[in-house]
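Peer 1:
Residue numbers (the UniProt record's numbering): 1 to 273.
1. Pop quiz: residue 59 and residue 39 are said to be a contact at Cβ under 8 Å. What is the actual Cβ separation, rounded to whole angstroms?
2. Tell me the DSSP secondary structure of residue 53 in three-state form.
3. Just mark residue 83 as buried or exposed, buried being the case when its beta carbon has 16 or more other beta carbons within 10 Å.
4. Would you say residue 50 lies against chain C (beta-carbon separation less than 8 Å)?
5. Please tell me whether residue 148 and residue 136 are closer than 8 Å, where the distance is taken between their beta carbons.
6. According to DSSP, simplified to helix, strand and coil, what is residue 88?
7. Below 8 Å CB to CB, which residues in the same chain sit around residue 170 once its five sequence neighbours on both sides are set aside?
8. I'd like the span of the alpha helix (DSSP H) that includes residue 206, first residue to last.
9. What span of residues does the alpha helix (DSSP H) with residue 102 cover, start to end?
10. Tell me whether residue 77 is buried or exposed, calling it buried when 16 or more other Cβ atoms sit within 10 Å of its Cβ.
11. Which residue's Cα is closest to the Cα of residue 87: 134, 199, 167, 204?
12. In the DSSP assignment, the alpha helix (DSSP H) including residue 169 goes from what residue to what residue?
13. If we ignore side chains and look at the alpha-carbon of each, how far apart do residue 161 and residue 152 end up?
14. Quick check on residue 117: does DSSP put it in helix, strand or coil?
15. In angstroms, rounded to a whole number, what distance separates the CA positions of residue 251 and residue 165?
16. Count the other CB atoms, across all protein chains shown, that sit within 10 Å of the CB of residue 172; report buried if there are 16 or more and exposed otherwise.
17. Sorted by chain position, which residues of the same chain lie with C-beta nearer than 7 Å to residue 241's C-beta, five sequence neighbours on each side aside?
18. For the putative contact between residue 182 and residue 208, defined by C-beta atoms under 8 Å, what is the C-beta separation to the nearest angstrom?
19. If residue 258 and residue 125 are in contact, beta carbons under 8 Å, what's the gap, nearest whole angstrom?
20. In whole angstroms, what separates the C-alpha of residue 45 from that of residue 267?
21. Using the C-alpha atoms, what's the distance from residue 243 back to residue 134?
22. If you follow the beta strand (DSSP E) that residue 81 is in, where does it begin and where does it stop?
23. Could you pull out every residue in the same chain whose Cβ sits closer than 7 Å to the Cβ of residue 176, ignoring the five residues on either side in sequence?
24. I'd like to know whether the C-beta atoms of residue 189 and residue 54 end up nearer to each other than 8 Å.
25. Under 8 Å Cβ to Cβ from residue 193, same chain only, skipping five residues before and after it: list those, please.
26. Measuring alpha carbon to alpha carbon, tell me which residue in 69, 256, 89, 239 is nearest residue 129.
27. Quick check on this structure: which residue in 139, 264, 119, 121 has the alpha carbon closest to the alpha carbon of residue 103?
28. Excluding five sequence neighbours on each side, which residues of the same chain lie with their C-beta closer than 8 Å to the C-beta of residue 260?
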């Protein structure tokens, strides 16, 4: 698991800020969560999560362990991305066929669900007095947990739920684009890697750290890549707190502080699913 993703320049800047101002490291860390609010209008968001299949040639003596539902051999790359398409957590190595439960069994996923990541404490949503936990956002393949939020599912969603899904999907788009940037920049991900699985995983770890220097500016168009979604990553049940946080954010996007003028027009045009 790659848990030291922050570049030397950012680490140096944080260190200087801490030494010069005396501000606690927790407060400095909080400044980095502002990216999702400033760029994507999603408050208290620590990162967007997703997973992809990385193709490999059929490994020796592994049976069908790496053979996924798409009918090729792979392992799963799971990652967390910040608001600027930079990977902040990379978890590599789950068997390609083990889509269900991969997130819960991963080091990052298990620690997040168990509440052992020492996340920032709850804070008020911007422009309001509503206290809310800090969350990671993901798609429908992930569970709804205290600090992990997914879109509302179903076909008969209320207007409020559809607007929430719009902002959720817009913010989560960064991790999809980060994978697209990775695959488009490093064409080795466009075909099965002709090396051992261990070597392929080392290559993936190395190249995933090289995404963020290339994307100093925000990407405003979809970048398509060759990495494939692994399908449902867990069958874990939703928590009560996660449901409450979900609904709290849904209501926040209806307030003066949280809404944007064009969201109602987009809803009526059908641009919001």
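A virtual CB, placed ideally from N, CA and C, is assigned to each residue, including glycine.
Peer 2: Checking against the coordinates, here is how it stands:
1. That belief does not hold up - the Cβ atoms of residue 59 and residue 39 are roughly 40 Å apart, past 8 Å.
2. strand
3. buried
4. This model lacks chain C altogether; it includes just one protein chain.
5. yes
6. strand
7. 40, 41, 42
8. 197-208
9. 102-105
10. buried
11. 204
12. 159-185
13. 6 Å
14. coil
15. 12 Å
16. buried
17. 146
18. 6 Å
19. 7 Å
20. 23 Å
21. 14 Å
22. 74-81
23. 50
24. yes
25. 54, 55, 56, 57, 199, 200, 203
26. 256
27. 139
28. 41
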